[in-house]
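Presented below is the structure to which this report refers.
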Amino acid sequence: MADIPDWKLVETNLGRAKQVPYEVGVLPIGATEAHNLHLPYGTDTYEVEAIAERACALAWDQGAEVLLLPAIPVSINENTLGFPWTLSYKPTTILQMLRDIVSSLEHHRLLKLLVLNGHGGNELQPFLRELFRETEVQLILVNWWTVDPEAFETIFEDPGEHADEMETSLMLHLRPDLVEMERADEGATREPHFTAMKEGWAWIARPWDKLTTNSGVGNPETATAEKGEQFIERVVEKIAGLIVEMANEPLDEWYPYESD
Ligand SMILES: [Zn+2]
């Protein structure tokens with residue numbers, strides 16, 4: 001028998017898939033955007049795909065019948081288009097894509113979906129609320145970088161927000177052949193004028209080309225492949241745990257709560 005992963009839709013086939021009663025889908029969402037001067041445009045997609053693949057493989061080994069869907073490679077980047085070659089879908093486009101994928105899954109009777117978001121500019125909660133009454137598919141959202149704040153704080157010395165120590169460490173672990181450390185700038189940002197914005201209680205879709213010099217937020221210089229590997233392992237383990245729980249949870253009227 002060929003060594004084909006049953007949990008990975010783009011690699012499995014109809015012959016195999018017919019034999020698996022899939023319980024949970026996983027939809028990774030990446031992005032195509034500038035990541036300082038040293039990381040690839042596809043950084044968010046590489047990261048979220050690797051995490052999703054490892055988590056699905058681990059959950060499968062623990063008995064979960066999980067199906068990894070192909071990653072969406074473009075995201076909401078309206079405010080970062082100031083940097084060349086960044087690609088953007090408008091929020092309503094992402095909503096439509098989610099709606100259509102969820103509808104396909106519902107058609108195939110795969111009724112539990114984990115949306116694994118890999119891009120900070122995607123605020124997807126409103127979309128899950130929008131779809132809530134449209135579909136039988138039970139949607140759960142995870143922004144992968146938030147799943148283990150303790151690991152984040154212990155592993156990284158000086159993390160920022162974008163193409164920083166954390167993301168650079170991950171890419172040094174995942175795709176060192178695509179990281180050009182010598183090009184990186186220090187990821188400094190400009191301060192806004194408004195007190196309310198400095199204090200963090202007034203929000204703006206930050207114009208990234210004014211906020212940053214070369215799109216980076218946070219200095220990547222302390223990044224190492226070891227840190228990336230450590231963090232990714234912790235994140236993968238936790239997400240695999242969620243997938244297993246989703247697979248085991250009966251899809252009754254009380255899902256995901258305990259019945260009375
Ligand atoms: Zn990123």
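First residue of the sequence shown: 1, per my numbering; consecutive thereafter.
Backbone N, C-alpha and C define an ideal beta-carbon position, used for all residues, glycine too.
Just so it is clear, the structure is predicted and the values come from calculations on it, not from any experiment.
Cβ-heavy atom distance, residue i to ligand 1, below 6 Å
i: THR43; result: yes
i: GLU253; result: no
i: GLU78; result: no
i: GLU167; result: yes
Integer Cβ distance of residue i from residue j, believed to fall under 8 Å
i: ASN77; j: ARG206; result: With a Cβ gap of about 12 Å, ASN77 and ARG206 do not count as contacting.
i: LEU178; j: GLN138; result: 36 Å between Cβ atoms; not a contact.
i: PHE156; j: GLU165; result: 5 Å
i: ILE72; j: MET246; result: Contact doesn't hold; Cβ gap of about 20 Å is too wide.
i: LEU69; j: LEU9; result: 6 Å
i: LEU170; j: ILE243; result: At roughly 20 Å, the Cβ-Cβ gap does not stay under 8 Å, so LEU170 and ILE243 are not in contact.
i: GLU33; j: THR86; result: 4 Å
i: SER215; j: PHE83; result: 5 Å
i: GLU199; j: HIS38; result: Their Cβ separation, rounded to whole angstroms, is 32 Å, which puts GLU199 and HIS38 out of contact at 8 Å.
i: ALA240; j: ALA55; result: 4 Å
i: THR212; j: THR195; result: Actually they do not touch by this definition, with Cβ atoms about 21 Å apart.
i: VAL20; j: GLU53; result: Contact doesn't hold; Cβ gap of about 17 Å is too wide.
Beta-ladder partner(s) of residue i, from DSSP
i: SER75; result: SER88
i: GLN138; result: LYS112
i: LYS8; result: LEU68
i: ILE243; result: The partner list for ILE243 (beta bridge, DSSP) is empty, contrary to what the question assumes.
i: ASN248; result: None; ASN248 has no bridge partner.
i: VAL217; result: HIS162
i: GLY25; result: LEU67, LEU113
i: THR189; result: THR212
i: LEU37; result: HIS35
i: ASN143; result: ASN117
When the options are compared against residue i, the one with the closest alpha-carbon
i: GLY118; options: LEU14, GLU258, VAL48; result: VAL48
i: PRO250; options: THR43, GLU23, TRP144; result: GLU23
i: LYS238; options: LEU37, PRO21, ALA57, GLU33; result: ALA57
i: VAL26; options: GLY218, ALA223, LEU67; result: LEU67
i: ALA184; options: SER103, ALA196, GLU134, HIS162; result: HIS162
i: HIS273; options: ALA225, THR135, ASN143; result: The question about residue 273 has no answer here: the residues shown for the chain are numbered 1 through 260.
i: GLY121; options: GLU150, GLU136, SER88; result: SER88
i: THR43; options: ARG190, VAL74, LYS90, GLU221; result: VAL74
i: LYS18; options: ALA223, GLU134, HIS108; result: HIS108
i: GLU182; options: THR168, PHE194, THR195; result: THR168
i: GLU253; options: GLU136, ASP3, PRO40; result: GLU136
i: ILE51; options: GLY15, PRO256, ASN248, GLY228; result: GLY228
i: GLN125; options: ILE101, GLU150, SER104, LEU95; result: LEU95
i: LEU116; options: VAL235, LEU211, THR195, PRO149; result: VAL235
i: LEU113; options: ILE29, THR195, THR45, ASN36; result: ILE29
i: GLU186; options: THR195, GLU130, VAL20, ASN36; result: ASN36
i: TRP201; options: ASP209, PRO192, ASN248; result: PRO192
i: GLY63; options: TRP7, THR146, TYR41; result: TRP7
i: ASP61; options: PRO5, GLY15, TYR46, LEU81; result: PRO5
i: GLU219; options: ASP209, ASP158, THR45; result: For the record, residue 219 in the displayed sequence is Asn; it is not Glu. Out of ASP209, ASP158, THR45, ASP158 has the C-alpha closest to the C-alpha of ASN219.
i: GLU272; options: ASP260, GLN230, ALA59; result: Past the edges of the chain, shown from 1 to 260, lies residue 272, and the structure says nothing about it.
i: SER104; options: GLU134, TYR255, PRO256, GLU123; result: GLU134
Residue-chain proximity (residue i, chain C), Cβ-Cβ < 7 Å
i: GLU153; result: You won't find chain C in this structure, because it holds only one protein chain.
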